[in-house]
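Residue numbers (our numbering): 89 to 332.
We put the beta carbon where it would ideally sit given N, CA and C, even for glycine.
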């Protein structure tokens, strides 16, 4: 299954939608992208409100472990977050807040705001983490539950310190494009062509309509001597109106 929207893309093996609570459930190796963010999990539930995404919940399992949210900075550097559950909250079709609940871990590269140069590498573990995001940039990080962390200068990152979470996989090649999803060719309208085709005529129907009109105008039966009653005249009028 492939999903494409301008603000969100996703792939999975199977998808179930429930109209009662307006949710979409993605199963079997689901991956979702929003802007620069990728979220990989065992199970994804997307909640829709007023026809737009309100929030999404990502949970792990035996196949892939805990869910991982990541952002590609370049081919060698990725910001990564993992925990038992990841909840992404959407506003104006973008993630503005991410809650990582349970055994939260993050690998985060600190960059110069002007040049983008890497200045340090943050390794953090705690109970829960909340990220406040604006314009796809992290504005604030809130740690809960006795955080343990280390910040390394880029040239002093120990060789024994991994820079990839155990369950991290970047799957940019699976990200669906608009052309992949909307490959159906829409034919040009032929309405004008069809409207120009001569329509069939029905002479018998036309003659009956003309006969009714003459009866109404003359107020006389064509094959009888008595005048047409008011009720009969109204009946014929109704028949004529129904035939129009």
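Nearest candidate by alpha-carbon position, reference residue i, set the options
| i | options | result |
| --- | --- | --- |
| residue 176 | 258, 296, 221, 102 | 221 |
| residue 125 | 205, 137, 225 | 225 |
| residue 301 | 219, 322, 111, 279 | 322 |
| residue 129 | 138, 93, 157 | 157 |
| residue 114 | 123, 97, 108 | 97 |
| residue 261 | 131, 95, 295, 160 | 160 |
| residue 180 | 122, 199, 229, 215 | 122 |
| residue 236 | 217, 245, 244 | 217 |
| residue 182 | 227, 95, 247, 244 | 95 |
| residue 213 | 223, 199, 202, 188 | 188 |
| residue 163 | 251, 223, 108, 131 | 251 |
Paired residues, beta bridge with residue i - DSSP
| i | result |
| --- | --- |
| residue 216 | 189, 232 |
| residue 149 | 153 |
| residue 255 | Residue 255 pairs with nothing; no bridge assigned. |
| residue 53 | The first residue shown for the chain is 89 and the last is 332, placing residue 53 beyond what the model contains. |
| residue 113 | 104, 133 |
| residue 128 | 119, 156 |
| residue 222 | 225 |
| residue 288 | None; residue 288 has no bridge partner. |
| residue 31 | It is not possible to answer for residue 31, since the shown part of the chain is limited to 89 through 332. |
| residue 179 | 182 |
| residue 173 | 147, 189 |
| residue 99 | 90, 119 |
| residue 194 | 169, 212 |
Whole-angstrom C-beta distance between residue j and residue i, which should lie under 8 Å
| i | j | result |
| --- | --- | --- |
| residue 99 | residue 90 | 5 Å |
| residue 134 | residue 111 | 7 Å |
| residue 190 | residue 171 | 5 Å |
Within 8 Å, strictly: CB atoms of residue i and residue j
| i | j | result |
| --- | --- | --- |
| residue 211 | residue 195 | yes |
| residue 106 | residue 142 | no |
| residue 242 | residue 193 | no |
| residue 119 | residue 259 | yes |
| residue 219 | residue 185 | yes |
| residue 255 | residue 153 | yes |
| residue 127 | residue 174 | yes |
| residue 253 | residue 168 | yes |
| residue 233 | residue 248 | no |
| residue 117 | residue 101 | yes |
| residue 266 | residue 92 | yes |
| residue 240 | residue 209 | yes |
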